[in-house]
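Mapping the sequence shown onto UniProt numbering, position 25 (from 1) lands on 25, and the numbers just tick up by one. Glycine included, C-beta positions come from ideal geometry on N, C-alpha and C. Let me begin by presenting the structure, written as structure tokens, before commenting on it.
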Amino acid sequence: MNYPNGKKVKTQHATKNNTPHDRFSNRGMTLEKDINDTNNYYLSRGLCVIHKKPTPVQIVKVDYPKRSAAVIKEAYFKQASTTDYNGLYKGRYIDFEAKETKNKTSFPLSNFHQHQIDHMEDIVKHEGICFVIIRFQAYNESYVFPAVKLFPYWHRQFKDGRKSIPYTAVKDEGTLIPASFPALVDYLTVVDEIFF
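Structural data, given as structure tokens:
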């Protein structure tokens, strides 16, 4: 394209692979942002009420370089966090964690902490809907992986088992989340399929 000042600017054209998956694959920078955007869409449509849980922080030291500005210099987590998201859908309690990995062959269990597993086991015990959304960045694939399928992998690692869940197991035991717009991580369609 030519502009009046004589400078040329390169224009980009759409590629052949213009599928919904390709078009929406790079919209969000992270899984968390994609889920937050999806939750806002769900809320605006009256589909569910699911929010990211805030991480409780104890502020210890604050500097005031200007009257109108404060800078936190020192803070600590008040308590260990549980899972990332919770809320209500179709009268049922939903609680889930969101994790992503660059690993192409497996999902490392080191992404979880014991208190998170304990929390998820409590949710399942009380008949809540509990799962993990796992994204494999290399394939731009996100899966709903039910918590009840996660627990055996978690416990086996302490009995000389694998310290990860194979990618093939996530594909087989989880459910691929469809890429769509504006629900970038349309996990409710999978929740309907698995839990309802």
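Through-space distance from residue j to residue i, alpha-carbon basis
i, j, result
"Asn86", "Gln114", "19 Å"
"Val170", "Pro146", "10 Å"
"Phe107", "Val144", "13 Å"
"Pro103", "Gln137", "According to the sequence displayed, residue 103 carries Asn and not Pro. Rounded to whole angstroms, Asn103 to Gln137 spans 8 Å at the Cα level."
"Ile165", "Trp154", "9 Å"
"Thr55", "Thr82", "9 Å"
Best match in the options for proximity to residue i [C-alpha to C-alpha]
i, options, result
"Lys33", "Lys66, Asp95 and Glu100", "Glu100"
"Lys53", "Lys73, Val71 and Asp84", "Asp84"
"Asn36", "Ile72, Asp172, Asp186 and Gly174", "Asp186"
"Cys130", "Leu184, Thr105 and Asp192", "Asp192"
"Leu109", "Glu121, Phe158 and Thr30", "Phe158"
Whole-angstrom C-beta distance between residue j and residue i, which should lie under 8 Å
i, j, result
"residue 207", "Ile133", "Given a span of 1 to 196 for the chain in the structure shown, any question on residue 207 remains unanswerable."
"Ala75", "Val49", "At roughly 29 Å, the Cβ-Cβ gap does not stay under 8 Å, so Ala75 and Val49 are not in contact."
Exposure label - residue i; buried when at least 16 CB within 10 Å
i, result
"Leu88", "exposed"
"Tyr139", "exposed"
"Ser142", "buried"
"Asn40", "exposed"
"Tyr167", "buried"
"Ala179", "buried"
"Ile177", "buried"
Inset, instruction - Return the chain-ordered ranges of every beta strand (DSSP E) run that is complete within the region 122–190 and spans a minimum of 3 residues. - result: 129–136, 141–146 and 164–166
Inset, instruction - Return the chain-ordered ranges of every alpha helix (DSSP H) run that is complete within the region 28–87 and spans a minimum of 4 residues. - result: 31–44
Inset, instruction - Can you check the region 86–121 for any beta strand (DSSP E) of at least 3 residues that lies completely inside it and give the ranges in chain order? - result: 92–101 and 106–108
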